[in-house]
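So the mapping is simple: our numbering equals the position in the sequence shown, first residue as 1, plus 9. Positions of the beta carbon are idealized from the N, C-alpha and C atoms, including for glycine. All values derive from a computational prediction rather than experimental measurement. Before any comments, here is the structure.
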Amino acid sequence: MTDPSESNITNNMKCPVTDRTDVIDDCYITIEFGYGSDKDMMTYNFNTVHDSVGKVVLEAIQSMMPKGRSVDDFGRDTIAENFDEHWWDKLSDEQRADYKKQWGIE
């Protein structure tokens, strides 16, 4: 059986939840259940889902949280952690070449 979490590679970036095709690299959702849950040790990977799916999941989690808590307490701004306005200047020539190759501009 093929891994449905990888299906978007062959489906032209079609959201596996909504079947929307206007998906670029919008959102990835992983839910892991631990030992003792009735979903004992199950992991669900919804890779490359539409942005709207991720937002609905966050809204559902937020609706269950006590007053004063926020899903934002669990978020990380990985762009701010890894990039600043000088990030390109800090790369080696090899790293720049790798990015250009990945982006299809070299």
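Contact between the stretch 28-45 and the stretch 57-71 is present: three or more C-beta pairs spanning the two stretches fall below 8 angstroms. In this structure, DSSP gives ILE114 a state outside helix and strand, which the three-state scheme calls coil.
Straight-line spacing of the CA atoms in ASP86 and PHE92 works out to 10 angstroms. DSSP lists no beta-bridge partner residue for ILE70.
With respect to the 8 angstroms criterion, VAL58 and CYS24 are classified as neighbours on the basis of their beta carbons.
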